[in-house]
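Q:
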Amino acid sequence: MLINHRHGLALVLGLALAAPAAIAQNTTAPTPAAEPTEAEKVAQNPVVARVNGEEIRLEAVMSMIQDLPPQYQQVPISTLYPMLVKRAVNHSLLLDAAEAAGLRENEELAAEVEEFRQNKMREYLLLGQLEKDVTEESLRAAYARFLVDNPADQEIRARHILLKTEDEAKAVIAELQGGADFAELAKAKSQGPSAPTGGDLGFFTADKMVKPFSDAAYMMAEQEISAEPVQTRFGWHVIKVEERRDQPRPTFEEKRQELEQEMTGEMIGNIIADLRKDAKIEEMNLDGSPLTEPGQPAAPKE
């Protein structure tokens with residue numbers, strides 16, 4: 011199975027280097043295929059155009075698909091192919107024109123190409139280490155730690171009947187103790203917006219309700235009705251706890267990208283920390299004077 015982390019980890023790597031970057035992860039190497047013969051290579055990558063005698067092969071044309079907007083990448087190849095060949099021809103013509111204009115010797119262009127090369131070298135250095143460490147096994151271990159460190163919150167499903175006074179609430183409790191149906195009483199007497207659904211509040215965690223309400227509800231067992239009215243700023247509540255359950259937690263696949271980013275950021279930080287530890291580094295102020303550590307006296311002026 012191949013796991014592609016390039017898109018998921020690009021953000022973390024870019025932040026670490028302050029430059030565009032991408033990461034890939036291949037956890038299980040595919041079974042190597044037999045090396046094709048030269049004739050087979052030519053057959054698989056035929057010439058699809060010529061521009062002033064220069065050949066353009068299928069592989070170069072097909073590589074352009076990745077630069078298209080996502081909606082175009084779903085279009086059948088047979089539909090895209092004529093447009094891609096024209097684009098490849100146009101690229102070839104533009105490159106020839108750039109060569110004729112002497113841009114190969116342009117110093118500004120050369121500087122940009124060198125900057126791109128250096129960025130890619132940094133990326134490939136980190137890529138090699140991350141391919142070894144960000145594996146399916148390490149990600150699943152990180153997920154297991156996440157589950158241990160983040161136990162599921164308990165959710166409660168409850169109904170309530172909201173009334174204006176304590177006496178009204180006590181009267182409702184008496185009716186319920188006499189056998190009245192909670193949902194029907196809520197529809198008839200509750201002043202809250204959940205009255206039409208029989209006072210049903212659905213599932214909620216403690217932080218989603220005002221504290222007096224949550225404190226009372228979380229002390230109750232399933233199917234229990236509050237023996238005393240509960241007062242909040244909204245009025246007086248009669249509560250029935252219908253059900254308790256653990257709050258659903260994200261699956262491994264739902265959590266994978268976040269785990270990849272966290273693990274990648276940590277590993278990049280460790281790699282850079284090791285490099286800095288073994289290097290002789292001098293950092294300067296904006297004016298070129300020696301940079302002092304916080305709390306240290308400035309270097310004496312000559």
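Terminal number for the sequence shown in my numbering: 312, no gaps in between. Built from N, CA and C at the ideal position, the CB exists for glycine as well. Only a predicted model underlies this, so the values are computations on that prediction, with no experimental measurement involved.
Alpha carbon to alpha carbon, how far is residue 14 from residue 148?
A: Confidence at residue 14 is low in this model, with a pLDDT of 45, below 50, so its placement is unreliable and the value that follows should be read with caution. Answer to the nearest angstrom: the Cα atoms are 15 angstroms apart.
Q: Using DSSP with H/G/I as helix, E/B as strand and the rest coil, what is residue 252?
A: DSSP places residue 252 in strand when its eight states are reduced to three.
Q: Going by beta carbon distance, what residues of the same chain come within less than 6 angstroms of residue 209, once the five residues before and after it are set aside?
A: 169, 170, 171, 196 and 200, listed in sequence order.
Q: Quick check: the stretch 130–149 against the stretch 216–223, are there 3 or more CB pairs under 8 angstroms?
A: Contact between the stretch 130–149 and the stretch 216–223 is absent, because fewer than three Cβ pairs lie under 8 angstroms.
Q: Check this for me: beta carbons of residue 214 and residue 166, under 8 angstroms apart or not?
A: Yes, the Cβ-Cβ distance between residue 214 and residue 166 is below 8 angstroms.
Q: Comparing alpha-carbon positions, which option in 207, 192 and 114 lies nearest residue 251?
A: Measuring from the Cα of residue 251, the nearest candidate turns out to be 192.
Q: In the structure shown, what three-state DSSP assignment does residue 168 receive?
A: Strand.
Q: Go ahead and pull the three-state DSSP assignment for residue 173.
A: DSSP places residue 173 in strand when its eight states are reduced to three.
Q: When the Cα of residue 225 is compared with those of 240, 177, 235 and 212, which residue comes out closest?
A: Considering only alpha carbons, the answer is 240.
Q: From the DSSP output, read off the bridge partner residues of residue 241.
A: Per DSSP, 246.
Q: Do residue 56 and residue 68 have their C-beta atoms within less than 8 angstroms of each other?
A: A contact, by the Cβ cut-off of 8 angstroms.
Q: One question on the structure: do residue 254 and residue 164 come within less than 8 angstroms of each other, judged by their Cβ atoms?
A: Contact flag set, yes.
Q: Check whether the stretch 59–66 touches the stretch 80–94, taking contact to mean three or more Cβ pairs, one atom from each stretch, closer than 8 angstroms.
A: The stretch 59–66 vs the stretch 80–94: no contact.
Q: Give the secondary structure of residue 85 by DSSP, where H, G and I count as helix, E and B as strand, and everything else as coil.
A: It is coil, neither helix nor strand.
Q: Quick check on the burial criterion: 16 or more other C-beta atoms within 10 angstroms. Buried or exposed for residue 282?
A: By the neighbour-count rule (16 or more Cβ atoms within 10 Å), residue 282 is not buried but exposed.
Q: Restricting to Cα atoms, I'd like to know which of 290, 106, 132 and 116 is closest to residue 278.
A: Taking only the C-alpha atoms, the option nearest residue 278 is 132.
Q: Who pairs with residue 66 in a beta bridge, going by DSSP?
A: 59, per the DSSP bridge assignment.
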